[in-house]
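Student: Numbering (our numbering), first residue to last: 15 to 91. Idealized CB from N, CA, C, for every residue including glycine. Before anything else, here's the structure in question.
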Amino acid sequence: MLQRMKEVIDQRTFDDGLFRQLFLSKLPQQVQAVLVSFHNNALDELGASADRILEITKSSNTEVFQSKKSLKQPRMT
Numbered sequence: 015m016l017q018r019m020k021e022v023i024d025q026r027t028f029d030d031g032l033f034r035q036l037f038l039s040k041l042p043q044q045v046q047a048v049l050v051s052f053h054n055n056a057l058d059e060l061g062a063s064a065d066r067i068l069e070i071t072k073s074s075n076t077e078v079f080q081s082k083k084s085l086k087q088p089r090m091t
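Here is the structure:
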């Protein structure tokens, strides 16, 4: 997402602090909560960390969905 936002603003001048705040505000709340501890990191590092967190969350949600789906299958009698 960070890369896409950078592409959108292209060569325009944009305040780094404001851009960081905007980027973080577009992330899911659970990702924002984790990234709070990375407040001193460079924006690119925050973007990479956000990508990793989102990937882990995505695979975790997929596993939970698959588990719930298999639990709801009707029993054969």
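1) Rounded to the nearest angstrom, what separates Lys72 and Arg34 at their Cα positions?
2) How about Ser63 and Leu41: do their beta carbons lie closer than 8 Å?
3) For Leu60, does the count of other Cβ atoms within 10 angstroms reach 16, so buried, or fall short, so exposed?
4) Three-state secondary structure (DSSP) at Arg26?
5) With a CB to CB cut of under 8 Å and the five nearest residues on each side skipped, what residues in its chain are close to Leu38?
6) Check this for me: beta carbons of Leu16 and Leu57, under 8 Å apart or not?
7) Taking the C-alpha atoms as reference points, what is the distance between Arg18 and Ser51?
Tutor: The structure says:
1) In a straight line, the C-alpha of Lys72 is about 23 Å away from that of Arg34.
2) No, the Cβ-Cβ distance between Ser63 and Leu41 is not below 8 Å.
3) With 16 or more Cβ atoms within 10 Å of its Cβ, Leu60 is classed as buried.
4) Here Arg26 sits in coil by DSSP.
5) Excluding positions up to five away in sequence, the list reads Gln46, Leu49 and Leu60.
6) Contact flag set, yes.
7) Taking the straight line from one Cα to the other gives about 24 Å.
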